[in-house]
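Count the sequence shown with full-length UniProt numbering and you get residues 1 to 345, in order.
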Amino acid sequence: MSNVVKQRARSDAGKAYALVAPALVVLAIVIGYPIVRAIWLSFQANRHLDPATGVFVDGGFAGLDNYLYWIQNRCMSPAGTVGDCPPGVLATDFWPALGITLFFTVVTVSLEAVLGMVMALIMNHPSRLRSLVRAAVLIPWAIPTAVTAKLWQFMFAPNGIVNSLLGQSIAWTTDPWAARIAVIIADVWKTTPFVALLILAGLQMVPKDVYEAARVDGASAWQTFTRITLPLIRPTLMVAILFRTLDALRMYDLPVIMISGSSNSPTATISQLVVEDMRQNNFNSASALSTLIFLLIFTVAFLLVRFAGADVGGEETRSRRERRIEKRKAKKAAKSAKETVEVAR
Numbered sequence: 001m002s003n004v005v006k007q008r009a010r011s012d013a014g015k016a017y018a019l020v021a022p023a024l025v026v027l028a029i030v031i032g033y034p035i036v037r038a039i040w041l042s043f044q045a046n047r048h049l050d051p052a053t054g055v056f057v058d059g060g061f062a063g064l065d066n067y068l069y070w071i072q073n074r075c076m077s078p079a080g081t082v083g084d085c086p087p088g089v090l091a092t093d094f095w096p097a098l099g100i101t102l103f104f105t106v107v108t109v110s111l112e113a114v115l116g117m118v119m120a121l122i123m124n125h126p127s128r129l130r131s132l133v134r135a136a137v138l139i140p141w142a143i144p145t146a147v148t149a150k151l152w153q154f155m156f157a158p159n160g161i162v163n164s165l166l167g168q169s170i171a172w173t174t175d176p177w178a179a180r181i182a183v184i185i186a187d188v189w190k191t192t193p194f195v196a197l198l199i200l201a202g203l204q205m206v207p208k209d210v211y212e213a214a215r216v217d218g219a220s221a222w223q224t225f226t227r228i229t230l231p232l233i234r235p236t237l238m239v240a241i242l243f244r245t246l247d248a249l250r251m252y253d254l255p256v257i258m259i260s261g262s263s264n265s266p267t268a269t270i271s272q273l274v275v276e277d278m279r280q281n282n283f284n285s286a287s288a289l290s291t292l293i294f295l296l297i298f299t300v301a302f303l304l305v306r307f308a309g310a311d312v313g314g315e316e317t318r319s320r321r322e323r324r325i326e327k328r329k330a331k332k333a334a335k336s337a338k339e340t341v342e343v344a345r
């Protein structure tokens, strides 16, 4: 009997692999090949003009020069080699752009997580207008990013509605910190509904009897939220934070359309440096920077999934779930023992 079960399981597994294989092949072509190609190009020198022949030639193997070009703020010579910048030549803006990217990521994701939680709690509350509220919340997220950027650009113009409401003349598109705040406001306005919808899905999975038990025990609203709601939706919340973090690290179109596409812009991100380098036909150094961005995003995703508990698969692993249950039982037992001792005294 056991052999029959094993054979049936193997047959089902084989069918599953056969059904998934076409999708894996497409992913390997669409995603895998560009990644491998970019990594290979990152170790090649840029094409340059050969003074002897007057034609463009391949640069050959460059080692880590393209990576050092960004990390050590070096310059590219006409011969396609990387070295120290001559007097009067500016180096790359990698570190300032990386700092701005991380700043945008931390601030926007934090604000979107808090505001998204508030919006999700409101949408989860029973009401006759709940469906209307959910539809209204989706509007900013449904608007294309380019349209959102132009919309907020008009609002942050010198004679725009923002300055009119504030009664001040703030240079939102030229002042460095004002421009960054403007981009953050636009990004939070657009993507908070996405976070709210993900959190709302987690809230709807919480059993109602848990809240009823908490109400019978006399738990306050804050205790119910911190000890029941938040722990139960934590995997969903971490998935929302993961998705938004990965998206924020790749931010490009919003600051480019709203402020400027130049690498000298106060809102220039690392993605802007890649595009600008490609426009100058420096495809190999641009590939190196793209690889660095890929490694950064992969590292952040790994840390969030591995240590922060982001449940990407849709359900927690069994061992992690069992550990959380045992931990809660231990806390409950310790609390009961403490209450017993106090009563005995």
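We put the beta carbon where it would ideally sit given N, CA and C, even for glycine. Values in this document were obtained by computation on a predicted structure and should not be read as measured data.
Contact check for T236 against A201 passes: the beta carbons are separated by less than 8 Å. Burial of K190 is indicated by the presence of at least 16 other C-beta atoms within 10 angstroms of its C-beta. Partner residues in the beta bridge of F61, as assigned by DSSP, are Q44. Between M258 and Q168, the C-beta spacing is not below 8 Å. If you look at N163, you'll find it in the alpha helix (DSSP H) that goes 161-166.
Remark: C-beta atoms of A97 and T269 approach each other more closely than 8 Å.
Under the three-pair Cβ rule at 8 Å, the segment 214-230 does not count as touching the segment 131-138. A residue is called buried once 16 or more other Cβ atoms fall within 10 Å of its Cβ, and W177, having fewer, is exposed. Nearest to K208 by alpha-carbon distance, out of A146, L197, I228, is I228.
By the CB criterion at 8 Å, A142 and I199 fall outside the cutoff. Counting of Cβ neighbours within 10 angstroms places D58 among the exposed residues, the total staying below 16. Contact check for L254 against T101 fails: the beta carbons are separated by 8 Å or more.
The count of Cβ pairs closer than 8 Å, one atom from the segment 34-44 and one from the segment 282-292, reaches three, so the stretches are in contact.
Scanning the segment 81-157 from its first residue to its last, the whole alpha helix (DSSP H) runs of 4-plus residues come out as 94-124, 130-142, 145-155. Residue environment for N159: exposed (fewer than 16 other C-beta atoms within 10 angstroms of its C-beta). Pairing F156 with T174 gives a Cβ-Cβ distance that is not under 8 Å. Closest by C-alpha distance to L304, out of L242, F94, N282, is L242.
Closest in C-alpha terms to A301, from the list L249, P193, A219, V188, comes L249. Per DSSP, I170 lies in no alpha helix (DSSP H) and is assigned neither H nor E. Judged by beta-carbon spacing, E112 lies beyond the 8 Å limit of T224, meaning their Cβ atoms are not closer than that value. Cβ-Cβ separation between F94 and I71: approximately 7 Å, consistent with a contact (criterion under 8 Å). Annotation for T105: T245, A248, L249 place their beta carbon closer than 7 Å to its own, counting only its chain and skipping 5 residues before and after.
S287: member of the alpha helix (DSSP H) spanning 283-306, first to last residue. Of the candidates T299, N282, P22, N282 places its Cα closest to the Cα of F43.
With a cutoff of 8 Å on beta-carbon distance, P126 and R180 are scored as not near each other. Following the DSSP letters along the chain, one finds I185 inside the alpha helix (DSSP H) bounded by residues 176-203. Taking the Cβ atoms as the reference, A120 lies roughly 5 Å from A196, within the contact range of under 8 Å. Taken atom to atom, the span from the alpha-carbon of V147 to that of L115 is near 22 Å. For F243, the enclosing alpha helix (DSSP H) has its first and last residue at 230-249.
Per DSSP, reduced to three states, the secondary structure at V206 is coil, with no helix or strand assignment.
With 16 or more other Cβ atoms inside 10 Å of its own Cβ, A149 counts as buried.
Excluding residues up to 5 positions away in sequence, F156, W172 lie with their Cβ nearer than 6 Å to the Cβ of A182 in the same chain.
Straight through space, the alpha carbons of L273 and Y252 are spaced by roughly 10 Å.
Beyond the five residues adjoining it in sequence on each side, P140 comes within less than 6 Å, by CB distance, of W189, K190, P193 in the same chain, given in chain order. A direct Cα-Cα distance of roughly 15 Å separates Q280 from N66.
Under the three-state reduction of DSSP, A268 is assigned to coil, being neither helix nor strand.
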